[in-house]
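My numbering numbers the first residue of the sequence shown as 19 and each following residue consecutively. Glycine included, every Cβ here is placed at the ideal spot set by N, Cα and C. Following: one structure in structure tokens, then a few remarks.
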Amino acid sequence: MCPRDASRCVPAPPATPLAAPSASSHWPGDRAAVPTTGARWRGRVQPRPPSPPLLLPAPRGPARPHFPMLPRAAALPPGASVGPRRLSTPPIGTEEEQPPRGPEPRGRAMESLPPREEAAVPAGEASEEPDSGSRRWGAQHAGARELAELYSPGKRLQEWISVILCFSLICFNFYNLLFYLRLEHTPSIIVGIFAGVITADFLSGLFHWGADTWGSVELPIVGKAFIRPFREHHIDPTAITRHDFIETNGDNCFMTLVPLANMAYKFVSFSPEALYETCPWECYVFALIIFITMTNQIHKWSHTYFGLPRWVIFLQDWHVILPRKHHRIHHVSPHETYFCITTGWLNYPLEKIGFWRCLENMIQGLTGEKPRADDMKWAQKIK
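Encoded structure:
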């Protein structure tokens with residue numbers, strides 16, 4: 019309304035709606051200002067709404083645990099309970115009640131563990147002297163270290179002589195065997211080689227079973243020379259992988275010297291006609307000798323998981339020689355099955371008929387000796 023004189027009042031021109039300003043009339047990135055409903059546009063920019071919160075990407079890597087990490091050997095505070103997913107700890111009042119930051123000696127840590135945690139620790143780990151050879155397996159086992167020290171220089175010399183004589187006779191006999199081979203002997207030679215491999219596998223199991231099950235390291239001559247490696251191998255299975263070629267194959271070469279010398283004597287003294295007739299049999303004997311000689315080397319390969327030649331892995335995968343997974347069955351305590359270690363072909367059928375258990379029951383009934391008593395004695399040695 020006009021204040022006093024209505025004649026002087028000039029009506030205001032009709033209001034024309036103004037278009038919303040373009041985005042170019044504001045700061046870069048601002049939204050276009052829109053006038054409020056029912057209000058006249060007066061050239062003022064409406065206040066922009068608050069910007070949304072800035073979302074940062076989640077940090078990479080594993081999530082931080084929601085419970086404090088304690089050292090392995092550190093003592094838990096009194097009343098603490100360790101669960102499978104969380105650690106519940108009572109409130110700590112004073113500084114004296116706080117757990118130590120660094121690891122404690124193993125003896126003090128064992129004293130501060132709760133009863134159920136202390137019971138879960140093996141007896142060997144709870145000893146006051148953990149480095150005194152109280153481990154169940156491995157090179158640090160007290161029995162394994164004592165058995166390894168029994169390897170004498172005289173034994174080393176015997177292995178060197180056996181390896182040199184064995185491979186010299188193998189080369190001599192192989193040359194003469196090729197000289198007397200004939201084409202018509204092919205079927206008999208194939209059968210003879212296959213039979214030699216089967217026989218070598220059975221003999222390896224028989225000797226392995228006898229040395230594992232019976233006898234003692236204290237026996238004169240035989241104990242330290244032949245039974246000692248079997249006792250050490252069950253306590254420290256990977257020790258064989260640290261042996262060189264001489265120590266690995268010396269005993270097997272020694273056992274084949276007599277048949278190799280006998281074959282060499284035949285090639286020197288027999289007539290060619292007699293050698294032609296006995297050629298298939300000599301092929302059987304030669305295959306048997308070769309696989310017996312290489313049995314412990316094959317056994318070593320079955321314990322080696324790194325650095326094997328490809329052709330060895332191929333033969334293991336196709337079960338031409340003893341596979342690595344197959345031999346693990348024997349090393350399950352108390353080591354009472356799967357004794358054949360050349361090819362392992364006879365392990366399953368012999369186990370199926372209970373061959374080794376029958377022999378053990380017969381010998382135990384006749385002699386009263388308990389199977390694997392000496393083997394268990396060395397396995398339980400802690401000092």
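The three-state secondary structure of Q398, taken from DSSP, is coil. Membership of L237 in any alpha helix (DSSP H) is not indicated, and neither H nor E is assigned to it by DSSP. No residue range can be given for I339, since it is assigned to no alpha helix (DSSP H) and is classified by DSSP as neither H nor E. Between T360 and I307, the gap from beta carbon to beta carbon reaches 8 Å or more. When the five nearest sequence neighbours on each side are left out, the beta carbons in the same chain lying within less than 6 Å of the beta carbon of G223 are those of F357 and C358, in order along the chain. If the five residues before and after T256 are omitted, its C-beta is found closer than 7 Å to the C-beta atoms of H321, all from its own chain and listed in chain order. Distance from the CA atom of F285 to the CA atom of F309, rounded to whole angstroms, is 21 Å.
Taking all protein chains shown into account, Q398 has fewer than 16 neighbouring C-beta atoms within 10 Å of its C-beta and is therefore exposed. Per the coordinates, the alpha-carbon of C184 lies some 12 Å from the alpha-carbon of M281. Rounded to the nearest angstrom, the Cβ distance from L199 to C271 is 25 Å, too far for a contact under 8 Å. Cβ-Cβ distances below 8 Å link H261 to K318 in the same chain, with the five nearest sequence neighbours on each side left out; the list follows chain order. Note on G325: under 16 other CB atoms within 10 angstroms of its CB, so exposed under the neighbour-count rule. The continuous stretches of alpha helix (DSSP H) do not include A257, and DSSP gives it neither H nor E. In this structure, the beta-carbon distance from V303 to P341 does not fall below 8 Å.
Around the CB of V181, 16 or more other CB atoms lie within 10 Å, so the residue is classed as buried.
Sequence-distant Cβ neighbours of L333 in its own chain, meaning closer than 7 Å and more than five residues away, are I339. Cβ neighbours of T231 within its own chain (closer than 6 Å, five residues either side excluded): P389 and R390. For L168, the closest of T204, V350, K242 and A229 by C-alpha to C-alpha distance is K242. Nearest to A229 by C-alpha distance, out of H251, A218, F212 and G386, is H251. T385 counts as exposed, since fewer than 16 other C-beta atoms from the protein chains shown sit within 10 angstroms of its C-beta. With respect to R249, V240 sits apart: the two C-beta atoms are not nearer than 8 Å. Out of Q382, D254, T259 and F225, the CA that lies nearest to the CA of R163 is found in D254. Around the beta-carbon of V215, 16 or more other beta-carbon atoms lie within 10 Å, marking it buried. As summarised for the stretch 304–334, the continuous alpha helix (DSSP H) elements at least 4 residues long and confined to that stretch are 313–320, given in chain order. Between the alpha carbons of K370 and P171 lies a gap of roughly 42 Å. Inclusion of T313 and A218 in the CB contact set at 8 Å is warranted, their separation being smaller than that value. Within the same chain, Cβ atoms closer than 6 Å to the Cβ of G362 are found at L340 and H344, the five residues on either side in sequence being excluded. Spanning the alpha carbons of I179 and R346 requires a straight line of approximately 32 Å. Using a Cβ distance threshold of 8 Å, H349 and T355 do not count as a contacting pair. Within its own chain, the residues whose Cβ lies closer than 8 Å to the Cβ of H226, once the five positions on either side in sequence are excluded, are F248, F357, C358 and I359, listed in chain order.
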